[in-house]
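Chains as they are written, first to last, in my numbering: chain A, 4 to 126; chain B, 4 to 126. Yeah, the Cβ is synthetic: ideal placement off N, Cα and C, and Gly gets one too. Since the structure comes first, as structure tokens, the remarks are kept for the end.
There are 2 protein chains.
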Amino acid sequence: MHRRNTEQRRVLRDIAAAAAGPLSAQEFLDAAQSELPSIGIATVYRNLTRFVEQGELRAVELPGEASRYELADKLHHHHFQCDDCGRVIDVEGCSDAFESLLPESFRIRSHDVLIHGKCPQCP
Amino acid sequence: MHRRNTEQRRVLRDIAAAAAGPLSAQEFLDAAQSELPSIGIATVYRNLTRFVEQGELRAVELPGEASRYELADKLHHHHFQCDDCGRVIDVEGCSDAFESLLPESFRIRSHDVLIHGKCPQCP
DNA sequence: GCAGTACTGATAACCCATTCTCAATTAGAC
DNA sequence: GTCTAATTGAGAATGGGTTATCAGTACTGC
């Protein structure tokens, strides 16, 4: 099972690298089609799944939304989602004092923060 | 359209009031059936939707999970979800210094925090 | 009590993100 | 250039949460 470097994969990787936040399969498709109009949604899903298995990408799940994908080597960060356009943008840094809020009997592994509001591009 | 006080609604309201965190429709169903074995999932969904419309309950969306519902008059808080049993438990308090992480051009409206780990009941 | 209608329970239908199928295409070793 | 299997694109199929349908039930005003 030799891996091949297809144009589709190259385009998808470029999109992930240039993204300002995690993208959905549909967003990957839209972005990819502007460079490779014939690419289909099945290919996008197949490759996103594969990139996750290979450790290149990481899935980001947001409430009530389709899965999004971001580079796996990103440092700890959180996300902002615009109420209007729905775009998700990375937020660097983190003020984590969550541990102190729970009793000792809870063994904390991680935490996710999602900030809502309006992004600079929306009215 | 006169509102009626059915046994089903009374049970669902009791369950919501006694919950340690937001419950899914399935969890409402399971809890309700121990008191009212004939209650069906359609009735649960119908009433949860109705309670939300009436402002009694509020929907809580967690990544990759069915909607959950909690009392609408709860004060600002966050949630903990157990990696093992999946239960969701309220976390009082909040260390919010998120505003400072984003540029001024982002107008922040709210934030959600979800803490992951193991609850006291799980190994 | 009775009537009228809001409500319920069972199940079929729906919605939509994701996966599968399969014939056609193409990267890459030789 | 040839060969072969990995990959692709289109559309069908899937799965799970939620909603719609409809005949039967049971609140509540009188």
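Under the three-state DSSP convention, the category residue i falls into
i       : result
L104(A) : helix
F54(A)  : helix
F83(B)  : strand
L32(B)  : helix
I118(B) : strand
R6(B)   : coil
L78(B)  : coil
L60(A)  : strand
R112(A) : strand
I92(A)  : strand
L39(A)  : coil
L15(A)  : helix
Inter-residue Cα distance where the pair is residue i and residue j
i       : j       : result
Y72(A)  : E107(B) : 26 Å
L104(B) : L74(A)  : 21 Å
A45(B)  : A62(B)  : 17 Å
E95(B)  : A69(B)  : 23 Å
R6(A)   : V14(A)  : 16 Å
F101(B) : L39(B)  : 44 Å
F54(A)  : Y48(A)  : 10 Å
Q11(B)  : F83(B)  : 29 Å
D93(A)  : A21(A)  : 12 Å
A35(A)  : D17(A)  : 9 Å
L32(A)  : D87(A)  : 21 Å
T52(A)  : C85(A)  : 26 Å
E30(B)  : E30(A)  : 34 Å
S37(B)  : E56(B)  : 26 Å
Nearest-angstrom Cβ-Cβ length linking residue i and residue j, presumed shorter than 8 Å
i       : j       : result
H119(B) : H114(A) : 7 Å
H81(A)  : L117(A) : 7 Å
A19(A)  : L60(A)  : 6 Å
Of the listed residues the options, nearest to residue i (C-alpha basis)
i       : options                           : result
V91(B)  : E30(A), R49(A), F109(A), E68(A)   : F109(A)
K77(A)  : S70(A), G58(A), G89(A), L65(A)    : G58(A)
G67(A)  : I111(A), F31(A), G89(A), D93(A)   : G89(A)
T9(B)   : H81(B), N50(B), D86(B)            : N50(B)
C125(B) : K121(A), P126(A), Q29(A), I111(A) : I111(A)
I42(B)  : C122(B), F54(B), A28(B)           : A28(B)
C122(A) : G24(A), A35(A), S37(A)            : G24(A)
H79(A)  : C97(A), D86(A), C85(A)            : C97(A)
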